[in-house]
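Engineer: To start, I am sharing the structure in question, which I have written as structure tokens.
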Amino acid sequence: MKKHWVWLILSAMVIFDIYHIYFGFESGSITNFFDETGENDTFKVDESPVMFWLNMGFHMSGIIVVLYISIFFWRNKSSTSTVEN
Numbered sequence: 256m257k258k259h260w261v262w263l264i265l266s267a268m269v270i271f272d273i274y275h276i277y278f279g280f281e282s283g284s285i286t287n288f289f290d291e292t293g294e295n296d297t298f299k300v301d302e303s304p305v306m307f308w309l310n311m312g313f314h315m316s317g318i319i320v321v322l323y324i325s326i327f328f329w330r331n332k333s334s335t336s337t338v339e340n
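Under the working numbering, think of the first position of the sequence shown as 256, with each following residue one higher.
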């Protein structure tokens, strides 16, 4: 049952990242995860294109990492062998 929670959490992370990437492309602004003060909570592509694309890359790398973890868990799940008598 614990593996089902892992798949659910990984799926939620991918959906979260895909939503932010889609919203970033549509609106031209993305949430700033690297701001500790809380003053500049979004970046617009017109104001700071470098930080906008750094945050987009952060979300894209999150999708790649989650896919890698999913493949790793899938291979470990399917590689368990059953003992035949």
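Quick reminder that beta carbons are idealized off the backbone N, C-alpha and C, glycines included.
If you're wondering where the values come from, they're calculated on a predicted model, not measured in any experiment.
So, at 6 angstroms on beta carbons, what are the nonlocal neighbours of Met-268 in its own chain, with the 5 sequence-adjacent residues on each side left out?
Structural biologist: Val-321
Engineer: First and last residue of the beta strand (DSSP E) that includes Ser-284?
Structural biologist: 284 to 286
Engineer: Is the beta carbon of Gly-283 less than 9 angstroms from the beta carbon of Asp-301?
Structural biologist: yes
Engineer: Which partner residues of Thr-297 appear in the DSSP bridge assignment?
Structural biologist: Thr-286
Engineer: By how many angstroms is the C-alpha of Pro-304 removed from the C-alpha of Thr-223?
Structural biologist: With the chain covering only 256 through 340, there is no way to say anything about residue 223.
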